[in-house]
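Quick note: the sequence shown, position 157, residue 154 per the working numbering, numbers continuous. Right, one structure below, let's go through it.
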Amino acid sequence: MVNMVKVTIAYVKLARPLNTAIVGCAVLLGMWLTGFATPAAYGGGAVLRNAVLLILAAMAATAYGNAINDALDVETDRVSHPNRPLVTGAVSVGSAVVFAAALAALSLVCAAAASLFHATAALIPLMLLTLYSINFKRTRLVGNIVVALLTAYALIFGSLPHPNTKILFAPALLAFLLNFCRELVKDVQDAEGDRAAGFATSAALPRPIIRRILISAGGVYLAAMWAPSLVFEHFGMVYTGVCVVAVLPLHISWMMLAFRADFDKYTGRMGAILKAEMVAGLAALAADKFILTL
């Protein structure tokens, strides 16, 4: 019994539950913001059922990406993440591959049960996640861009093909920029393990160039943060207020670290701040919608 619990915990860790939960929340938020989770959206069908199916499809796809990535990155994780299940031996590589395949199948089945359109929409990230793990991860910037695009895609996935999806384009751009920065920071954090495994990721770029990319992307984000409310007027002043109080301080704090010549010593802190900023950004959108519905 104790051993079964340990194995279960190991598989849960392999799926990265926090990241998976954030993706699920992003899909739910996208549906809520666009009004897609209404009877009319599904022709008067089972709205709640379809919403749950799409959230499960996105979460399963995310867990698949995490599991297959770990299965192909054991050598680099021995240095960068020695406590991960495949490195400690809690889960074998073969079992991780089977687990990943099951998650991919679950994602497709859930999406297809919602609609054939969403089955196709779910297949795209699964293919990109596979290509990322096999090849893109070991490239400079391409892998970072792919993961950032997939994170942004989560926000619009559940609302497709609703016409109101257009209101999510600006927030999706913000999600892309923030996750692109986080992926760069993670590459620098994992640089030692990637070098040991012979991978040439973005961390192989000179540190001054990485720093300039981070500052540039962070600057664009800072300028674009206000677009959803002040430019496109898809969201109101509640969104702006939450951004000022919660998002902006977090953004400034990691950017101040990025300006340091020795920023690579603070990648752990920067990664944590960036993740918190992602959650704060989603909260800003949710708070605005909630106040409008009162």
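Every residue gets a Cβ at the ideal spot worked out from N, C-alpha and C, and that includes glycine.
Please state whether DSSP places residue i in a helix, a strand or coil.
i                 : result
valine 88         : coil
threonine 237     : helix
methionine 222    : coil
arginine 135      : helix
asparagine 63     : helix
aspartate 70      : coil
serine 156        : coil
phenylalanine 229 : coil
aspartate 285     : helix
glycine 27        : helix
Roughly how many angstroms separate the alpha carbons of residue i and residue j, rounded to a whole number?
i                 : j              : result
isoleucine 164    : proline 225    : 8 Å
alanine 280       : lysine 286     : 10 Å
proline 146       : alanine 87     : For clarity, residue 146 is leucine in the given sequence; the question names proline instead. Using only the alpha carbons, I get a separation of about 31 Å.
leucine 157       : alanine 110    : 15 Å
phenylalanine 177 : leucine 125    : 16 Å
proline 36        : proline 122    : Reliability fails at proline 36, whose pLDDT of 43 lies under 50, so the model's placement of it is uncertain and no value is given.
serine 309        : glutamate 274  : Since the first residue of the chain shown is -2 and the last is 291, residue 309 is not available in this structure.
alanine 58        : valine 71      : 20 Å
alanine 108       : methionine 252 : 38 Å
Chain B beta carbons: is any one of them nearer than 7 Å to that of residue i?
i              : result
isoleucine 164 : The structure shown has no chain B; it contains just one protein chain.
Answer yes or no: the CB of residue i versus the heavy atoms of the ligand GDP, is any distance below 6 Å?
i             : result
methionine 56 : Absence of the ligand GDP is noted for the structure shown, with no ligands found whatsoever.
Taking the alpha carbon of residue i as the reference point, which residue from the options has its own alpha carbon closest?
i                 : options                        : result
leucine 25        : Ile153, Val2, Leu128, Leu113   : Ile153
valine 53         : Phe229, Ala23, Lys3, Met253    : Before going on, a small fix: residue 53 reads as leucine here, not valine. The option with the nearest alpha carbon to leucine 53 is Ala23.
alanine 48        : Val2, Val239, Ser112           : Ser112
alanine 193       : Met267, Thr73, Ile288          : Thr73
phenylalanine 256 : Val239, Lys134, Leu50, Arg204  : Arg204
alanine 55        : Thr198, Ala116, Arg209, Arg266 : Ala116
leucine 11        : Leu175, Leu45, Ile65           : Ile65
glycine 233       : Leu282, Gly155, Arg13, Leu181  : Leu282
Is residue i buried or exposed, if buried means 16 or more other CB atoms sit within 10 Å of its CB?
i              : result
serine 213     : exposed
leucine 291    : exposed
isoleucine 249 : exposed
arginine 266   : exposed
State whether the region 176 to 191 contacts the region 255 to 270, with contact taken as three or more CB pairs (one from each stretch) at a distance under 8 Å. yes
Does the pairing of the region 229 to 245 with the region 264 to 283 give three or more beta-carbon distances under 8 Å? yes
Between the region 91 to 107 and the region 14 to 32, do three or more beta carbon pairs fall short of 8 Å? no
Can we say the region 221 to 241 touches the region 166 to 180, given the rule of at least three CB pairs closer than 8 Å? yes
Does the region 68 to 85 touch the region 2 to 10, meaning 3 or more C-beta pairs lie closer than 8 Å? yes
Three-pair Cβ contact test at 8 Å for the region 94 to 109 versus the region 74 to 82: no
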